[in-house]
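Position 65 of the sequence shown, counted from 1, bears residue number 65 in UniProt numbering, the numbering being contiguous throughout.
Since the structure comes first, as structure tokens, the remarks are kept for the end.
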Amino acid sequence: MVRTVAEYWADLPPTPLGIPRRSDFDPVSLPPRVLPHIWMVDLDREPDRFRFRLCGSHLVRALGFDPTGRYYDEVFPDFAATETFAALARVRDTAEGSWRSGDPNLVFPNHDIRVLERAFLPLTGDGRRVDIVLAVSVYRSRPPASR
């Protein structure tokens with residue numbers, strides 16, 4: 001899933017900033033099985049906050065509710081101190097994507113997530129700065145330890 005979205009993003013036409021425009025991203029171009037794993041984040045700068053723009057059903061199920069339109073710090077207490085905040089800020093500041101696999105660093109109270117894989121991929125609305133992150137995530141339960 002993550003690789004499929006990352007490859008699609010890499011094939012989109014780049015702006016002079018080196019990243020695709022939001023308007024070039026067409027989720028219908030992706031395989032339907034990927035769509036529940038897609039979500040988007042608006043990057044606000046004044047103040048420095050991140051807002052759920054769109055949430056696929058995979059994330060909604062993990063959270064237990066649809067956070068679309070809400071800020072991360074409204075959903076996750078102490079969000080500014082998390083690795084996820086730092087990763088989103090890096091994507092915004094560097095216009096480079098981010099990939100991670102391993103233990104989750106945010107608590108999903110309604111889901112027993114043990115392992116996640118995710119990518120944060122920068123998009124631009126105006127061609128001059130990163131203002132949206134295209135995200136894809138897969139959550140899994142950790143397999144039982146072998147005896």
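Ideal placement from N, C-alpha and C gives every residue a C-beta, glycine not left out.
Just so we're clear, the structure is a prediction, and the values are computed from it rather than from any experiment.
- Distances from the alpha-carbon of P16 to those of Y139, G125 and R140 put G125 closest.
- Non-local beta-carbon contacts of V75 in its own chain, meaning distances under 8 Å to residues more than five positions away in sequence, involve F52, L63 and P67 in chain order.
- The three-state reading of DSSP puts R90 in helix, counting H, G and I together.
- The Cβ neighbour count for S137, taken over all protein chains shown within 10 Å, is at least 16; the residue is labelled buried.
- Under a 10 Å Cβ-count criterion, F50 is classified as buried, with 16 or more other Cβ atoms of the shown protein chains found around its own Cβ.
- For A135, the uninterrupted beta strand (DSSP E) run begins and ends at I132 to R140, by DSSP.
- DSSP links L59 through a beta bridge to no other residue.
- Cβ atoms of P122 and G97 come within 8 Å of each other, at about 6 Å.
- Rounded to whole angstroms, the Cβ separation of D131 and D42 is 7 Å, and the two are in contact under 8 Å.
- In terms of Cβ geometry, A6 and A119 form a close pair [threshold 8 Å].
- Secondary structure at P13: coil, using DSSP grouped into helix, strand and coil.
- Straight across, the Cα-Cα distance linking R22 with P13 is about 11 Å.
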